[in-house]
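Take the sequence shown: its position 105, counted from the start at 1, is 105 in UniProt numbering, and no numbers get skipped.
All C-beta atoms, glycine included, are put in the ideal place defined by N, C-alpha and C.
Remarks on the structure that follows.
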Amino acid sequence: MTDTPIDLLLSRHSVAVRRLGGPGPDQQQTDQILCAALTAPDHAALRPWRVVVIGRDARSDLADLFIAAKRKRQAELTDAEAGRERDKALRPPLLVAMVARPQRLHATVTEAEQLACAGAAMQNMLLAAHFLGFGAIILSGARCEDTEIRSALGIAPDEHFLGFISVGSIVDAPLKGRRPALAEMATHLDRTMR
Numbered sequence: 001m002t003d004t005p006i007d008l009l010l011s012r013h014s015v016a017v018r019r020l021g022g023p024g025p026d027q028q029q030t031d032q033i034l035c036a037a038l039t040a041p042d043h044a045a046l047r048p049w050r051v052v053v054i055g056r057d058a059r060s061d062l063a064d065l066f067i068a069a070k071r072k073r074q075a076e077l078t079d080a081e082a083g084r085e086r087d088k089a090l091r092p093p094l095l096v097a098m099v100a101r102p103q104r105l106h107a108t109v110t111e112a113e114q115l116a117c118a119g120a121a122m123q124n125m126l127l128a129a130h131f132l133g134f135g136a137i138i139l140s141g142a143r144c145e146d147t148e149i150r151s152a153l154g155i156a157p158d159e160h161f162l163g164f165i166s167v168g169s170i171v172d173a174p175l176k177g178r179r180p181a182l183a184e185m186a187t188h189l190d191r192t193m194r
């Protein structure tokens, strides 16, 4: 039996970089993943985000930057920890940096709404990867604030670096985190608001 679109949507989960490998998306699949971002809701068609696709030739330099950034936060870095940082740059067949660039002076669309648009674009890429049979994860955190990494990727000081999207084939069984019950996240307003 084929999964329905809603089954596929509800089965999406993050897959750690260490559980990703080749083959990755081919060029047509990569274009589909990137084009999925264009379907995100976007009030006033501002396109308040952009992506940086990080090719293989740039990965070794990025790995060095990941390790250097980790050393800034943790002076004593073991070989294993450095190796994990290196893997985050080298292992994913497809690596995309997601950058939000809200237009702060727009008359009717707030910065928060524009950041939500960028987040929706990011989620659409994760869903497209999942629908195509790949695993994916967003890596964010301190590396997105590191000035050397931001500079190497051409991210301006007034842009928000939302994270790296790593995509590849699932080569090791992923661990699935606990999802909250719907009742933990949703409330229902059934009364008048006056």
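Nearest to A118 by alpha-carbon distance, out of R101, K88, G168, is R101. In this structure, V99 sits near V52, with a CB-CB distance shorter than 8 Å. Of the residues assessed, I33 falls on the buried side of the cut-off, its CB having 16 or more other CB atoms within 10 angstroms. Within 10 angstroms of the beta-carbon of H130 lie 16 or more other beta-carbons, which makes it buried.
When the Cα atoms are used, L46 and A80 turn out to be separated by approximately 43 Å. If you draw a straight line from the Cα of S14 to the Cα of V167, it is about 10 Å long.
Beta-carbon to beta-carbon, A63 and R84 are separated by about 11 Å, too far to satisfy the 8 Å threshold. About 26 Å separates the beta carbon of A40 from that of A152, a gap too long to meet the 8 Å contact definition. Annotation for P48: A100, R101, P102, Q103, Q114, C117, A118 place their beta carbon closer than 7 Å to its own, counting only its chain and skipping 5 residues before and after. The straight-line gap separating the alpha-carbon atoms of Q27 and T78 is approximately 36 Å. Around the beta-carbon of T108, fewer than 16 other beta-carbon atoms lie within 10 Å, marking it exposed.
In summary, D57 is exposed, with fewer than 16 beta-carbon neighbours lying within 10 Å of its beta-carbon over all protein chains present.
Taking E148 as the centre and dropping the five residues before and after it, the same chain places the C-beta of L65 closer than 6 Å to its C-beta, in chain order. Between P93 and G24, the C-beta gap is smaller than 8 Å, which places the two residues in contact.
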